[in-house]
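Notes for the one structure printed next.
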Amino acid sequence: MHSHDVLLIGITTLLATAGAITNNQTVFIVASVFGAISTAFVVYQLSFNPEKLESEHRRTAKRLLYLRDRYLVLIQKIMSDTAPIKDLQDELESIHREVSIVYEYAPDSSSKAYSEASKALKKEEELTFSREEIDMLLPEDLRLTAPDLSHSKGDAQD
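Quick note on the numbering used here: the sequence shown kicks off at 35 and runs consecutively.
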């Protein structure tokens, strides 16, 4: 319960008590208004809890980071060419199942948040990645494309 809830409930109680003692109709009406406002605040907080939603998003993000790291380890195993294909397939399926579970229980995003993220990530393109974009997510030793040397330090751009 937040401090403004306690304040509203306190004022409502005080006004209701004062109304009962003085038998004043106006005080009862004001107490009723404060009671309605208190109820509205409580209902709002029960139906929309931004702190809880933020915590759920944070927990989901941490879980997805863990799964991303598992994918990176799997890519390293694939590129090392030492693990049996069956083991790699089993691990891939396991990670995929976990990702599906995380998505299933992840809190929903608002359409506004989704739109803003889409613009920030891909400038409203389809949410797929080019080979170069995928390489940027990988450690240098796992990248498949050649590095772009035109942006390295020391190049003179006249």
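The beta carbon of each residue, even a glycine, is placed where N, CA and C say it ideally should be. As the structure is a prediction and not an experimental result, all values here were calculated from the model.
Close beta carbons around residue i, own chain, < 6 Å, minus the five adjacent residues each side
i          : result
alanine 50 : Ala65
7 Å Cβ cutoff met for residue i and residue j
i            : j              : result
proline 141  : glutamate 90   : yes
leucine 122  : isoleucine 135 : no
threonine 46 : serine 72      : yes
glycine 53   : valine 61      : yes
Per-residue DSSP class, three states only, for residue i
i                : result
phenylalanine 82 : coil
alanine 117      : coil
arginine 177     : coil
serine 164       : coil
alanine 95       : helix
leucine 126      : helix
tyrosine 87      : According to the sequence displayed, residue 87 carries leucine and not tyrosine. Residue state, collapsed to three classes: helix.
histidine 38     : helix
leucine 101      : helix
Own chain residues within Cβ distance below 7 Å of residue i, not counting five before or after
i            : result
arginine 177 : Asp169
Own chain residues within Cβ distance below 8 Å of residue i, not counting five before or after
i            : result
histidine 38 : Phe75
leucine 108  : Leu122, Glu125, Leu126, Ile129
leucine 98   : Val133, Val136
Candidates the options, of which the one nearest residue i by Cα
i              : options                       : result
leucine 126    : Tyr139, Gln110, Gln59         : Gln110
methionine 139 : Asp115, Ala95, Leu155         : For the sequence presented, residue 139 should be read as tyrosine rather than methionine. Ranking the options by Cα distance to tyrosine 139, first place goes to Ala95.
proline 84     : Leu101, Asn57, Ser144, Asp115 : Ser144
Mind pulling the alpha helix (DSSP H) runs of 4 or more residues that sit fully within the segment 128-162?
145-156
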